[in-house]
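First residue of the sequence shown: 13, per the working numbering; consecutive thereafter. Yeah, the Cβ is synthetic: ideal placement off N, Cα and C, and Gly gets one too. Just so you know, these numbers come straight off a predicted model, no measurement behind them. Read through the structure below, which is laid out as structure tokens, and then see the notes.
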Amino acid sequence: MEVDMDVSILPLHKIFGLDVQFRVPLYQRPYVWDRERQWEPLWEDVTALAQSELDNGVHPAPHFLGAVVVRQQSNPVGTLEIRDVIDGQQRLTTLQLLADAVEEAIREVEGANIESKKLRKIVLNDDDIFAGDDQFKVWPTNADQLVFRLAMTDYDTVPEDLKDNSIAQAHAFFKSSACNWAQDEDSQQSIAERFAALVNAIRSGLHLVVIDLSEKDNAQAIFETLNARGTPLLASDLVKNHLLSQAQSVGLDVEALHFNHWKNFEDDWWRQEVTLGRISWPRLDAFLFYWLGMNLTREVSAQRVFDEYRRLLTEHDLGVQEVASSISDFAGVFKSLEESLHEDRTINDFFYRWQVSQLRVLTPVLLWLFSDKSGINRSQLEDSVRLLESWFMRRMICRRSTQGYQNFLHPLLREVKKHKGEDVPAIIGEILSDAKAVNTAWPEDTDLQSAILERPLYFQLSRARLRLVLEAVEDRLCDTNSKAESRCPRDLTIEHLLPVSWAQEDWPLEGNRFSRDERNVLLHTLGNLTLVNDKLNPALSNSAWSKKSLELAKHSNLHLNKMLTHEAVVPAGVSWSNEWNENAIQERGEWLARQVCDIWARPE
Numbered sequence: 013m014e015v016d017m018d019v020s021i022l023p024l025h026k027i028f029g030l031d032v033q034f035r036v037p038l039y040q041r042p043y044v045w046d047r048e049r050q051w052e053p054l055w056e057d058v059t060a061l062a063q064s065e066l067d068n069g070v071h072p073a074p075h076f077l078g079a080v081v082v083r084q085q086s087n088p089v090g091t092l093e094i095r096d097v098i099d100g101q102q103r104l105t106t107l108q109l110l111a112d113a114v115e116e117a118i119r120e121v122e123g124a125n126i127e128s129k130k131l132r133k134i135v136l137n138d139d140d141i142f143a144g145d146d147q148f149k150v151w152p153t154n155a156d157q158l159v160f161r162l163a164m165t166d167y168d169t170v171p172e173d174l175k176d177n178s179i180a181q182a183h184a185f186f187k188s189s190a191c192n193w194a195q196d197e198d199s200q201q202s203i204a205e206r207f208a209a210l211v212n213a214i215r216s217g218l219h220l221v222v223i224d225l226s227e228k229d230n231a232q233a234i235f236e237t238l239n240a241r242g243t244p245l246l247a248s249d250l251v252k253n254h255l256l257s258q259a260q261s262v263g264l265d266v267e268a269l270h271f272n273h274w275k276n277f278e279d280d281w282w283r284q285e286v287t288l289g290r291i292s293w294p295r296l297d298a299f300l301f302y303w304l305g306m307n308l309t310r311e312v313s314a315q316r317v318f319d320e321y322r323r324l325l326t327e328h329d330l331g332v333q334e335v336a337s338s339i340s341d342f343a344g345v346f347k348s349l350e351e352s353l354h355e356d357r358t359i360n361d362f363f364y365r366w367q368v369s370q371l372r373v374l375t376p377v378l379l380w381l382f383s384d385k386s387g388i389n390r391s392q393l394e395d396s397v398r399l400l401e402s403w404f405m406r407r408m409i410c411r412r413s414t415q416g417y418q419n420f421l422h423p424l425l426r427e428v429k430k431h432k433g434e435d436v437p438a439i440i441g442e443i444l445s446d447a448k449a450v451n452t453a454w455p456e457d458t459d460l461q462s463a464i465l466e467r468p469l470y471f472q473l474s475r476a477r478l479r480l481v482l483e484a485v486e487d488r489l490c491d492t493n494s495k496a497e498s499r500c501p502r503d504l505t506i507e508h509l510l511p512v513s514w515a516q517e518d519w520p521l522e523g524n525r526f527s528r529d530e531r532n533v534l535l536h537t538l539g540n541l542t543l544v545n546d547k548l549n550p551a552l553s554n555s556a557w558s559k560k561s562l563e564l565a566k567h568s569n570l571h572l573n574k575m576l577t578h579e580a581v582v583p584a585g586v587s588w589s590n591e592w593n594e595n596a597i598q599e600r601g602e603w604l605a606r607q608v609c610d611i612w613a614r615p616e
């Protein structure tokens, strides 16, 4: 790549001394520097330079802050000189906030003087010639413009709802630090002398390597090469930059493209950290990862999201407008998956169980199914998610591994994308039923029954996942026994009916045909577990069944517990005894297994 550029090492008064504006393109990310990692170290560097001058009486050696890359814009004679900021916008923005904040501190403490004027010269363009936003030496990307204007304009006050913004906080930090440093009571120099040294440090002591590109240089390629310096760019930053710079290169309306397809991503919801396995990243990056998986229908590297994005554009020969529309449309689908706000109870139940199961590997499939592109109606969508839910819930209860899910679900998605309408549930059911490998097989009823009757699920499943099973049974009982629609409350407490400490309490084993070891195995199976509204008092929880059953009635209105205390009609084929023992646990376990098999039914 041939590059025609000018490289200079310059102090701030040379970089900002002329009437110029360094504009951050709208496709760049917002301001992200923070106090601990950037502002405080920068302030320490500045004050060290100033103190060195005060102590030694000479200007210290310059302090290098790294490089910035800018590109010249052609502009008519007599107009404001413009540079596009290709890399280094965080540095340039921070240095402007620093200089303006110190200038304000000087005028607040001492009043306007020669030192404040020196800083105003590198903060604002000539106000006799340039007005409005053209007065600023740096002009940030769209998301930051309002708060930057307020922070940098003396007569404007930053409102309360913007004071947590990083730009506002940076300006406030530097102003407060400058006032405190200049007015240090232990200093041997006057306030005026300290401010003067501070101004010299900012104007002449801080140096940047300025790489000035010509208009013909490939700014995008240079931007991607340099992105690892400073605060590393996120995958979404690179995708946004590439997308909008490509739009500019083919003559599209970049402002309109940004407003219609990317502006919503500036909302804080998309910047919140989410976890995928061991990776924590902003929700927007997670969405792009899943969006790529849905489009490529293969495993995508979480560490190479931007590379995968460029590969997608090449493999599918996608245009800028097409990509922007797809990202925007599927972002709405992704948000509906995350927030799980649906009127349909079947779909709401599915999302609740899917999220508690933490089966994020299903996300690319769900993105497609819940989009308009799938071509399925509400009934077909319900059928599809019922099949998927049955598959993953049965595997969860049977303690089957999730290893290999990606290699199984991507081919499933490829097949689903080939079909529309009523064919989709049929295709999903067929693929799930045909899966025979241990890592993907759909457990039979006999497998499910064995897991429920024989496995200590209390230890083998997390509390949240175990609750899913008991909640689903309670919901089914509500549907059967209640005239009004009701649901099992979430996050109830799991209670052992036969208490864990039975050996020390009123639950003797004498005369029982089961051994101690057999009882201890049955103790943690599903047949011995229920849900209660509040955790029972340990003394009552461990008391004899005649007392404990009464306490269960007090602590819960669940049908699951009414059946135990004979407050509800016991279904046919169930005959709980008046005592709670191994026989009762087994009988209830068999009944629960039948309920679970029906709730998460699978085709024969």
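Could you please give me the residues that DSSP links to residue i through a beta bridge?
| i | result |
| --- | --- |
| Leu136 | Phe148 |
| Gln63 | For Gln63, which the question treats as bridged, DSSP gives no partner whatsoever. |
| Ala124 | Paired residues: none, contrary to the question. |
| Val533 | Val533 pairs with nothing; no bridge assigned. |
| Ala79 | Val221 |
| Ile440 | Ile440 pairs with nothing; no bridge assigned. |
| His508 | Leu541 |
| Gln84 | Arg95 |
| Thr287 | Ser292 |
Helix, strand or coil: how does DSSP classify residue i here?
| i | result |
| --- | --- |
| Gln195 | coil |
| Trp51 | helix |
| Asn272 | helix |
| Ser20 | strand |
| Pro37 | coil |
| Ser445 | helix |
| Ile141 | coil |
| Val211 | helix |
| Pro423 | helix |
| Thr105 | helix |
| Ser527 | coil |
| Val32 | strand |
| Ser338 | helix |
| Ala613 | coil |
| Tyr43 | coil |
| Trp519 | coil |
| Pro171 | coil |
| Pro455 | coil |
Using a threshold of 7 Å, state whether the C-beta atoms of residue i and residue j are closer than that.
| i | j | result |
| --- | --- | --- |
| Phe142 | Pro152 | no |
| Asn540 | Ile464 | no |
| Val80 | Leu218 | no |
| Trp557 | Glu591 | yes |
| Trp403 | Leu444 | yes |
| Pro437 | Asp384 | no |
| Cys500 | Asp487 | yes |
| His254 | Ala336 | no |
| Ala259 | Val332 | yes |
| Lys149 | Phe318 | no |
Compare the C-alpha of residue i against each of the options and name the closest.
| i | options | result |
| --- | --- | --- |
| Lys560 | Leu509, Glu530, Val533, Val608 | Leu509 |
| Asp46 | Asp96, Leu109, Asn276 | Leu109 |
| Trp281 | Pro294, Asn68, Leu269, Met306 | Pro294 |
| Arg477 | Gln367, Asp18, Glu65, Leu38 | Gln367 |
| His75 | Gly69, Arg83, Val58, Lys574 | Val58 |
| Arg426 | Gln415, Ser413, Ile440 | Ile440 |
| Ile118 | Ser189, Ile179, Leu61 | Ser189 |
| Ser128 | Glu65, Leu210, His183 | Leu210 |
| Pro53 | Leu107, Pro468, Leu374, Ser338 | Leu107 |
Assign residue i to buried or exposed, taking buried as 16 or more other Cβ atoms, counted over all protein chains shown, within 10 Å of its Cβ.
| i | result |
| --- | --- |
| Gln102 | buried |
| Glu685 | Since the first and last residues shown for the chain are 13 and 616, residue 685 lies out of range. |
| Ser86 | exposed |
| Ser391 | exposed |
| Leu24 | buried |
| Phe363 | buried |
| His328 | exposed |
| Ala124 | exposed |
| Thr309 | buried |
| Lys448 | exposed |
| Ala240 | For Ala240, the predicted model reports a pLDDT of 46, less than 50, meaning its position is unreliable and no value from the coordinates is stated. |
| Gln315 | exposed |
| Ser553 | buried |
Should residue i be listed as close to the ligand MN, given that the test is whether its C-beta is under 6 Å from any heavy atom?
| i | result |
| --- | --- |
| Ile118 | Among the components modelled here there is no ligand, and therefore nothing to report on the ligand MN. |
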